[in-house]
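J.: What follows is a single structure, and I will ask about it in a moment.
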Amino acid sequence: MPEILDQARTQVLENGVGLDQAGVLAVLRLPDEHLPAALQLAHDVRMRWCGPEVEVEGIVSLKTGGCPEDCHFCSQSGLFASPVRSVWLDIPSLVKAAKQTADTGATEFCIVAAVRGPDERLMKQMREGVAAIKAEVDIQVAASLGMLTQAQVDELVEMGVHRYNHNLETCRSYFPNVVTTHSWEERWETLTMVRASGMEVCCGGILGLGETLEQRAEFAAQLAELDPHEVPLNFLNPRPGTPLGDQPVVEARDALRAIAAFRLAMPRTILRYAGGREITLGDLGTRDGLLGGINAVIVGNYLTTLGRPATADLELLDDLKMPVKALSATL
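Okay, structure coming up:
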């Protein structure tokens with residue numbers, strides 16, 4: 001057994017203290033023959049410190065495309081020649097999407113907008129949308145609207161938004177290679193305000209942007225410092241027309257090593273499968289990740305890419321005897 005896994009068994013599994021940056025890097029560098037042991041340990045950590053339940057979430061885009069920022073992985077940027085065009089969703093469509101999400105057994109519905117930060121039009125749409133959803137659907141509402149002011153944070157709390165997603169995307173040292181129209185520090189400032197407000201913090205990123213293993217370990221350590229309630233792990237699904245459109249897909253074994261490493265860095269955090277797992281891991285790898293530290297999934301489609309059918313993920317969870325958190329009676 002490699003020394004880092006022996007260390008993690010005592011430090012993380014027994015004592016609940018996450019690995020530091022050096023420890024995460026050691027896990028990311030493990031040879032393939034030790035990957036099953038790392039995944040098993042990560043699963044044991046998840047079961048010990050989080051329990052067996054899996055949180056299921058659906059997401060919908062309130063405002064798609066036309067974003068002024070230049071995130072190099074994103075087809076919603078208005079600066080790239082990608083096929084996504086700007087679209088707004090009306091309130092009845094938003095409520096319908098929330099109902100469909102609740103019908104899958106999901107407890108969480110996240111409203112997403114492709115913006116630098118919300119303007120008054122978007123905040124008005126959110127006020128009306130959240131109120132309409134809460135009047136008709138028994139589901140918790142989360143939001144992802146970019147960078148916020150303190151007044152906007154306060155307003156979202158008043159609306160009843162219980163969780164805010166704002167991804168750091170990658171580590172601080174690599175961020176300027178991915179985004180140039182705003183800084184990593186600006187994102188961190190929003191997350192700090194959200195945490196202080198009492199909303200749950202959802203913050204993760206995308207692996208496979210061209211970062212090194214050292215930078216991947218740096219990212220895990222920075223997320224651990226933030227201590228978010230939830231970390232969505234995306235794997236780059238290269239989008240045509242974006243600067244990263246020709247970037248290779250993360251290899252499945254590297255993705256699984258990262259899942260184990262991030263779990264060992266953050267033993268108590270919800271670690272959520274997000275975009276890109278279908279092309280990176282496939283069905284078998286998706287199962288391996290659920291048995292290697294993952295304890296939440298986004299079901300259905302993502303913002304601009306297709307996901308697995310929700311029923312496929314729910315059947316897999318049933319097969320693995322993993323109870324869905326607060327499963328709705330409709331299933």
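Each residue of the sequence shown is one higher than the one before, starting from 1 at the first, in the UniProt record's numbering. Glycine included, each C-beta is placed from N, C-alpha and C at the ideal position. Please read these numbers as outputs of a predicted model, since none were measured by experiment.
Could you tell me which residues DSSP pairs with TYR164 in its beta bridges?
T.: Against the sequence shown, residue 164 aligns to sequence position 164. In DSSP, TYR164 forms a bridge with ALA143, VAL201.
J.: Quick one, are the C-beta atoms of LEU271 and GLY285 less than 8 Å apart?
T.: On the sequence shown, position 271 is the one that residue 271 refers to. On the sequence shown, position 285 is the one that residue 285 refers to. Result no, Cβ atoms of LEU271 and GLY285 do not sit closer than 8 Å.
J.: If you draw a straight line from the alpha carbon of LYS124 to that of GLN152, how long is it in whole angstroms?
T.: One-based indexing of the sequence shown puts residue 124 at position 124. One-based indexing of the sequence shown puts residue 152 at position 152. So the alpha carbons of these two residues sit roughly 11 Å apart.
J.: Assign THR212 to one of two classes, buried (16 or more other C-beta atoms within 10 Å of its C-beta) or exposed (fewer than that).
T.: For this step, residue 212 is matched to residue 212 along the sequence shown. It is exposed - the Cβ of THR212 has fewer than 16 other Cβ atoms within 10 Å.
J.: Measure the CB-CB distance between VAL60 and ALA106 and report whether it falls below 8 Å.
T.: Position 60 of the sequence shown, counted from the start, is the residue given in the question as residue 60. Position 106 of the sequence shown, counted from the start, is the residue given in the question as residue 106. Their beta carbons are not under 8 Å apart, which means VAL60 does not touch ALA106 by this criterion.
J.: Apply the 10 Å Cβ neighbour rule to PRO228 and answer buried if 16 or more other Cβ atoms are within range, or exposed otherwise.
T.: What you label residue 228 is simply residue 228 of the sequence shown in a count that begins at 1. Its Cβ being crowded by 16 or more others within 10 Å, PRO228 is buried.
J.: Please say whether GLY23 and GLN7 have beta carbons closer to each other than 8 Å?
T.: As a position in the sequence shown, residue 7 is number 7, starting the count at 1. As a position in the sequence shown, residue 23 is number 23, starting the count at 1. Going by C-beta atoms, GLN7 is nearer than 8 Å to GLY23.
J.: By DSSP's criteria, LEU207 is part of a beta bridge. Which residues make up the other side?
T.: What you label residue 207 is simply residue 207 of the sequence shown in a count that begins at 1. Beta-bridge pairing links LEU207 to PHE235.
J.: Just list the residues that DSSP pairs CYS110 with in beta bridges.
T.: Along the sequence shown, one-based indexing puts residue 110 at 110. Paired residue(s): ILE59, ALA142.
J.: Could you pull the start and end residues of the beta strand (DSSP E) that VAL297 belongs to?
T.: Sequence index remark: in the sequence shown, residue 297 carries index 297 (1-based). Run containing VAL297: 296-298, per the beta strand (DSSP E) assignment.
J.: Is DSSP giving LEU19 helix, strand or coil here?
T.: As a first step, residue 19 must be located in the sequence shown, where it is residue number 19. Coil.
J.: If the criterion is Cβ atoms closer than 8 Å, does the pair ALA220 and PHE262 meet it?
T.: Position 220 of the sequence shown, counted from the first residue, corresponds to residue 220. Position 262 of the sequence shown, counted from the first residue, corresponds to residue 262. Yes.
J.: Between the Cα of ASP210 and the Cα atoms of GLY289, THR269, VAL201, VAL179, which residue gives the shortest distance?
T.: Residue 210 sits at position 210 when you count from the first residue of the sequence shown. It is worth fixing the name first, because residue 210 is Gly in this sequence and not Asp. Residue VAL179 is the option with its Cα nearest to GLY210.
J.: Can you say whether GLN150 is buried or exposed, counting buried as having 16 or more other CB atoms within 10 angstroms of its CB?
T.: In the sequence shown, counting from the first residue as 1, residue 150 sits at position 150. Residue burial annotation: GLN150 is exposed, with fewer than 16 other C-beta atoms found within 10 angstroms of its C-beta.
J.: Measure the CB-CB distance between ILE259 and GLY282 and report whether it falls below 8 Å.
T.: Position 259 of the sequence shown, counted from the first residue, corresponds to residue 259. Position 282 of the sequence shown, counted from the first residue, corresponds to residue 282. The answer is no: Cβ separation not under 8 Å.
J.: Drop a sphere of 10 angstroms on the beta-carbon of SER93, count the other beta-carbons inside from all chains shown, and report buried for 16 or more, exposed for fewer.
T.: By one-based count along the sequence shown, residue 93 stands at place 93. SER93 is exposed by the Cβ-count criterion.
J.: Taking contact to mean at least 3 C-beta pairs separated by less than 8 Å, is the stretch 167-179 in contact with the stretch 116-135?
T.: Cβ pair count under 8 Å is below three, so no.
J.: In angstroms, rounded to a whole number, what distance separates the CA positions of ALA310 and ASN295?
T.: The residue given as residue 310 occupies position 310 in the sequence shown. The residue given as residue 295 occupies position 295 in the sequence shown. Their Cα atoms are separated by approximately 16 Å.
J.: May I have the straight-line CA-CA distance separating SER144 from GLY58, to the nearest angstrom?
T.: Within the sequence shown, numbered from 1, the residue matching residue 144 stands at position 144. Within the sequence shown, numbered from 1, the residue matching residue 58 stands at position 58. So the alpha carbons of these two residues sit roughly 13 Å apart.
J.: Determine the contact status of ALA252 and GLN21, defining contact as a CB-CB distance below 8 Å.
T.: Working through the sequence shown from its first residue, we reach residue 252 at position 252. Working through the sequence shown from its first residue, we reach residue 21 at position 21. Not in contact: ALA252 and GLN21 (Cβ atoms no closer than 8 Å).
J.: What does the alpha-carbon distance come out to for the pair GLY198 and ILE4?
T.: In the sequence shown, residue 198 corresponds to position 198, counting from 1. In the sequence shown, residue 4 corresponds to position 4, counting from 1. Each residue's Cα considered, the two are about 35 Å apart.
J.: Looking at C-alpha atoms only, which residue of ILE279, LEU62, GLU55 is the closest neighbour of GLY208?
T.: Taking the sequence shown and counting its residues from 1, one reaches residue 208 at position 208. Answer by Cα proximity: ILE279.
J.: Among the candidates PRO248, GLY245, LEU168, whose CA atom is the shortest distance from the CA of GLU225?
T.: Translated into positions along the sequence shown, residue 225 becomes position 225. Answer by Cα proximity: LEU168.
J.: On a Cα-Cα basis, can you pick out the residue from ASN165, MET126, CYS50, MET1 that is closest to MET159?
T.: As a working note, residue 159 is residue 159 in the sequence shown. Among ASN165, MET126, CYS50, MET1, the Cα nearest to that of MET159 belongs to MET126.
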